[in-house]
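Residue numbers (my numbering): 132 to 856.
We treat Cβ as the ideally placed atom computed from N, Cα and C, and that holds for glycine.
First up is the structure itself, then whatever we jot down about it.
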């Protein structure tokens, strides 16, 4: 048996069933990018094959003027129709399994799904109803109760880039009426702000506080009209909602509006796809839902772009499935005690658009599936072509659907229509603005670059670059905060005494002088390695002072800073780092003091002295790793600080600071001594200062030290996660 043409769904199912089918294609299905990308997108129009678009598509055998309608017909039958049919069959299986009594398709994105359901459902299947609702018409009535600014913004579901009109429309206000009021707060009409920054922007917060009463009054009025519309439907028994999906906000908002009705059970959600946001939207409300094409709730620990690639094409899918009428704004009385929806003007304008042509062809194909004239593809293949075409569009597909307008929270923008490469070079900000507004980013990049590109990687790079500035500012702010806290910590530790901060330097200096007098003047210890004993001793003792300061002051840090922990919104895990940095400020003085002693003793200067900074970093990281663990234990066991003081005294004598390890004759003792991480730091400082030996000359010991320190840091992370106060 032979199948001639481009309709692969007429042969693929039979071949998988084991029937002998051969396929003679008119040409490859280039509209499914990835199987054959349209590398010839810029070829001249006079192709050698009449009726063939070199940018990809179907061979139509018709004139150029007829190519677009023919392409849309082929796209609807070969790509959109099988995907919608697969969803409908999956939906029928789900409602039969759950014993659903009624099924409500949510407008306007559920319109095409409803038409397919009516074509394929049998008389024993649940009856289907069309709820003419929208995100705005269900969300705004919920603002009738008092709501904080953060909750209102979170519920609004703003896009990644928000304008003033988008902000006001999302809250149920008329942007034209309140534009002058926004001028008082310095908010421009064309200004765009990211969704994350919107939570922290005081201008939008103040504007919301001023409009809060008006928002509640308008929301209460809309809520009454919405209830009058919903009373026309019967939600008793087991019921489910079907929609295109993503976050499940329509299902949650609808249930919040109806849950006060006695005896009403929560609805089940049946969606084309679900994003990871559905967990935070549906989870707290206790609502169940499932996605057909994808369910990103099962993905975790990955970048949002790679975890949710549907962000590249959600606008296209909504355009292809939506009813070709304006979105529902609110509801008005119908004169008979009910209400009817009032819509926005249709963004597609007058006339039949490309999405309507594709929908008509898709319904024809689904009708053929239902009557048996054509065999539907297996469920595993039914939606794959649609996803691949949306993710990796051909040039012809972008030209067909890229100019479709997409309405989102009061703002309207083309799906994928960049101004042009040359315009983008001279006006990069306008290019970025258009890219943010695009809801088919894969198509936007395809139209901009002119060739197939790794859209996922490009979008991840763009998002990283967009947030790089904010990350740098956040890091700089954290660094300034830590420096200020470290400086104040030193002052507070010695406040109230006559000498104040001088005690931080006097105590170690007096200790060094005592050791110098006792061992070099009293016992007359000989030189070590050609250097005076006191210089040899100080080279190791300076690092020990540093580590001791970190351990003794860092262990009780949480109990010492009770007011900072309990009363101020602060990342308390930074407190051990604050004590480490305050110890660093004192340690810098002793490093200069050590270099001064070496100069007095006429030690030759060497570039290896820079290794002193390296070993200081080693001490700081090691001390911080210990303090992260000890400070958490001290919250539960207040004897930890006393135990640390005792262990510090023991550690001083088992570390070769006061004595020379070369005097040990037992090989096993010297081997055990090498397990002491402080020994690596002390010996390294002496070698750098007195022998001119670089730390790069002992890579094996360095690797062992950093491996042990990394394990300590990991243990501290785990303990902080489990026991942090």
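At the C-beta level, residue 670 and residue 820 come within 8 Å of one another. Pairing residue 309 with residue 342 gives a Cβ-Cβ distance under 8 Å. Each of 484, 397 and 746 was checked against the Cα of residue 827, and the nearest Cα belongs to 746. Uninterrupted alpha helix (DSSP H) stretches at least 4 residues long and entirely within the segment 521-579 occur at 526-532, 552-557 and 559-568, given in chain order. Between the alpha carbons of residue 453 and residue 476 lies a gap of roughly 14 Å. Inter-residue distance for residue 684 and residue 722 is about 20 Å (C-alpha atoms, whole angstroms). Within the same chain, 821 come within 6 Å of residue 662 by CB-CB distance, once the 5 residues on both sides are set aside. Ranked by Cα distance from residue 267, the options 303, 275 and 691 are led by 303.
It is roughly 17 Å from the alpha-carbon of residue 644 to the alpha-carbon of residue 658. About 5 Å separates the beta carbon of residue 378 from that of residue 409, a gap short enough to meet the 8 Å contact definition.
Of 244, 676 and 741, the smallest CA-CA separation from residue 449 is found for 244. Across the set 704, 735, 677 and 710, the C-alpha of 677 shows the shortest separation from the C-alpha of residue 720.
In the three-state scheme derived from DSSP, where H, G and I count as helix and E and B as strand, residue 734 is classed as coil.
DSSP places residue 664 outside any beta strand (DSSP E); the residue lies instead in the alpha helix (DSSP H), whose first and last residues are 664-685. Bounds of the beta strand (DSSP E) holding residue 400 are 399-405. According to the DSSP secondary-structure assignment, residue 262 is paired through a beta bridge with 237. In chain order, 832 and 836 place their CB closer than 7 Å to the CB of residue 811, counting only its own chain and leaving out the 5 sequence neighbours on each side. A straight-line Cα-Cα distance of about 20 Å links residue 778 and residue 800.
Under the three-state reduction of DSSP, residue 425 is assigned to strand. Here residue 567 really is in contact with residue 323; their C-beta atoms are around 7 Å apart, less than 8 Å. Distance from the CA atom of residue 391 to the CA atom of residue 369, rounded to whole angstroms, is 17 Å.
The C-alpha of residue 616 is placed about 22 Å away from the C-alpha of residue 847. When the five nearest sequence neighbours on each side are left out, the beta carbons in the same chain lying within less than 7 Å of the beta carbon of residue 230 are those of 369, in order along the chain. DSSP, reduced to helix, strand and coil, places residue 463 within a strand of the structure shown.
Between residue 283 and residue 295 a beta carbon distance of about 15 Å is seen, past the 8 Å cut, so the two are scored as non-contacting. Under DSSP, residue 703 takes part in no beta bridge, so it has no partner. Annotation for residue 803: the continuous alpha helix (DSSP H) segment containing it runs 798-804. Listed in chain order, the alpha helix (DSSP H) runs fully inside the segment 296-372 are 306-314, 326-329 and 333-361, counting runs of at least 4 residues.
Boundaries for residue 416: no beta strand (DSSP E) harbours it, and the DSSP string shows neither H nor E there. The beta-carbon separation of residue 273 and residue 362, rounded to 18 Å, does not stay under the 8 Å limit for a contact.
Taking C-beta atoms under 8 Å as the contact rule, residue 569 and residue 531 fail to qualify, at a distance of about 16 Å.
If you check the CB distance, residue 751 and residue 715 come in under 8 Å. Rounded to whole angstroms, the separation of the alpha carbons of residue 495 and residue 527 is 22 Å. Residue pairing by DSSP places residue 217 in no beta bridge whatsoever. For residue 470, DSSP records a beta bridge to 464. DSSP links residue 374 through a beta bridge to 402.
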